[in-house]
Amino acid sequence: MRPPNPLLHVTALACAALWTPTPAPAQEPVVAITGVHVVDVRRGTALPRRTVVIEDGRIRSVEENGAVPGAAVVVDGTGRYLIPGLWDMHAHVRHPAAPAVLLPQYLAHGVTGVRDMASDCDGPPEEGAACIARLREWRAAIEAGEMIGPRFLALSSFPLNPPWDYAVTEEQARGMVAELAGRGIDLLKVYYRLSPEAFAWFVDIGREHGLDAGGHIPLRMTVAEASAAGLRSLEHARDFLFDCFPGSAEFRAAARSQNPPSDVMRSMVDDHDPAICDATFRVMVENDTWYVPTHVTRRMDAFADDSVFRADPRRKYIPAPVWAEWQADADRMVALDPSPEGRRVVRGFYQTGLELTGRAHAAGVGIVLGTDAGDTYVFPGSGAHDELGELVKAGLTPAEALAAGTIRAAEFLRMEEDYGAIEPDKRADLVLLGADPLANIGAVREIEAVILGGRVFDRAALDAMLAAVEEAVADFEE
-13 MRPPNPLLHV TALACAALWT PTPAPAQEPV VAITGVHVVD VRRGTALPRR TVVIEDGRIR
47 SVEENGAVPG AAVVVDGTGR YLIPGLWDMH AHVRHPAAPA VLLPQYLAHG VTGVRDMASD
107 CDGPPEEGAA CIARLREWRA AIEAGEMIGP RFLALSSFPL NPPWDYAVTE EQARGMVAEL
167 AGRGIDLLKV YYRLSPEAFA WFVDIGREHG LDAGGHIPLR MTVAEASAAG LRSLEHARDF
227 LFDCFPGSAE FRAAARSQNP PSDVMRSMVD DHDPAICDAT FRVMVENDTW YVPTHVTRRM
287 DAFADDSVFR ADPRRKYIPA PVWAEWQADA DRMVALDPSP EGRRVVRGFY QTGLELTGRA
347 HAAGVGIVLG TDAGDTYVFP GSGAHDELGE LVKAGLTPAE ALAAGTIRAA EFLRMEEDYG
407 AIEPDKRADL VLLGADPLAN IGAVREIEAV ILGGRVFDRA ALDAMLAAVE EAVADFEE
């Protein structure tokens, strides 16, 4: 198994002086975006020549050639496209350097909300560590306009992943969930070493506290079993491959790691049985279990030996110690089986995962955008653009992929009343694009402005954010 997310390993003391709170801005003015094509993410269409008026952080009106209030700050949207802010539903922001290095990258790339999937520390926090209390402070500072970054939509527990030889009792699970709920988490992150019994306890007890369970399912359970037991969201595509081949039961009974041996992975790819996965999708739909594919993680596995892939120019936004760990992780992936056949199997695993996402979507499984940002070659913020492209490769239309990162994500978090679409009374978290994302999902990279709660960050402001990130990253080089 890979080591924990490398973004959690940069020395806290090296980050201590990278950020200090700024005073909250004065009340934002009324904003009117004129002549813009508004992307209706519910219907997958663009509404031309709209005037979008924003006041007190919310959308007040969306009208064709609408009137502009006299005191409004006007943003010319002629020929441009307006989408809701993107949500990354599997992010990792728990790091002392996050305010200076990670969070601005999300906002600068149009990601206005994140569901963080490892928000708390397992055990007493070390000095300077970023644990749940600090993340809650950052959440409040972002909401108050004192910090630059995306909204923290949900904060999770640490991974619930006891050692193999440690049997969790129901009483221990109950005490742990009560303690975590008291610390202010929003969801339980389950993990692969849990026994099926402990998994069920955590899910059921979590419900009593109003907490969903999502993450990695126990290796001793199938996706269908975890769904029937109450899993809210399945993270990553690989569990479908673990289930849908003739040797699945044997593999799950014996596995001690989420990285299958080369011969077993080969069987997962070459002996894949679509009928098993189709039955699993039906169970997920029946139980309202959603799916966060994070294909960019398996893309790294597939292209770890590709020098062009590894020479990504976004390296300038990644601290040197983290970049070094990414290189070592990519090297380890290739070393598992560097033969041509071994690399074929790994690429086949990635490709089959994409195909399964397309089939899951066609079967009615709810799919939302998530990246595992911070994992090797998964870049904060811009990784959401990469993953949208992966969803389109999987068979979703650009409109469906865009919905996965906006309205479908809001529906998953039960926040669609306030977020996820460009409609009156919703929060004004928006992204202004220079091209049509319904024609080409790559247009999400052509950002001209980001609006968070009515606060407008134009292209110059976004460039300044990224320049500040690059400067902060350079501090790690010295």
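Mapped onto our numbering, the consecutive letters of the sequence shown carry residue numbers -13 to 464.
Virtual Cβ for every residue (Gly too), placed ideally from N, Cα, C.
Item                                                                                                                                                                : Value
If you measure between the beta carbons of A469 and S142, is that distance less than 8 Å?                                                                           : In this structure the chain extends from -13 to 464, so residue 469 is not present and cannot be described.
Kindly confirm or deny that the region 16 to 29 and the region 58 to 67 touch, where touching means at least three C-beta pairs closer than 8 Å.                    : yes
Go to D287, then tell me how far its alpha helix (DSSP H) extends in each direction, as first and last residue.                                                     : 281 to 289
Using the C-alpha atoms, what's the distance from A453 back to V54?                                                                                                 : 34 Å
Please name the residue, chosen from L424, G170, V100, A119, that lies closest to F398 on a Cα-to-Cα basis.                                                         : V100
Quick one: grab the DSSP three-state call for A164.                                                                                                                 : helix
Going along the chain, which residues of its own chain have a beta-carbon closer than 7 Å to the beta-carbon of I118, five neighbours each way excluded?            : S105, D106, L141, R169, G170, I171
Which ranges would you report for the alpha helix (DSSP H) in the region 360 to 434 if only whole runs of at least 4 residues count?                                : 368 to 379, 384 to 390, 393 to 398
Express the C-alpha separation of N147 and H202 in angstroms, rounding to a whole number.                                                                           : 10 Å
Would the beta-carbon of D287 fall within 8 Å of that of M319?                                                                                                      : yes
When you compare the CB positions of T392 and A407, do they come within less than 8 Å of one another, or not?                                                       : yes
Does the distance from the CB of A349 to the CB of V271 come in under 8 Å?                                                                                          : yes
If we ignore side chains and look at the alpha-carbon of each, how far apart do H222 and A32 end up?                                                                : 31 Å
So the beta strand (DSSP E) G344 belongs to, where does it begin and stop?                                                                                          : Careful: G344 lies outside any beta strand (DSSP E), inside the alpha helix (DSSP H) at 326 to 349.
On the DSSP bridge list, what partners appear for I175?                                                                                                             : Looking at the sequence shown, residue 175 is not Ile but Lys. Looking at the DSSP assignment, K175 forms a beta bridge with G200.
Compare the Cα-Cα distances from L322 to each of T280, R206, A153, P247 and report the closest residue.                                                             : P247
With DSSP as the reference, label E236 as helix, strand or coil.                                                                                                    : helix
Could you give the distance in angstroms between the alpha-carbon of M198 and the alpha-carbon of D225?                                                             : Met is not the amino acid found at residue 198; the sequence shown has Asp there. The straight-line gap from Cα to Cα measures roughly 19 Å.
By Cβ distance below 7 Å, which residues in the same chain neighbour G63 in space, the five residues on each side in sequence not counted?                          : I19, T20, G21, V22, L418
With distance defined between alpha-carbon atoms, name the residue in A215, R252, P204 nearest to A240.                                                             : P204
Taking contact to mean 3 or more Cβ pairs, one atom from each stretch, closer than 8 Å, check whether the region 440 to 453 and the region 87 to 98 are in contact. : yes
In three-state DSSP terms, what is S181?                                                                                                                            : coil
Whole angstroms is fine: what's the gap from D108's alpha carbon to E123's?                                                                                         : 19 Å
For R36, count the other beta carbons within 10 Å of its own beta carbon; 16 or more makes it buried, fewer makes it exposed. Which is it?                          : buried
Buried or exposed for G161, please, with buried defined as at least 16 other CB atoms from any protein chain shown within 10 angstroms of its CB.                   : exposed
Between the C-alpha atoms of D444 and A94, what's the straight-line distance to the nearest angstrom?                                                               : 10 Å
Does DSSP put L88 in a helix, a strand or coil?                                                                                                                     : helix
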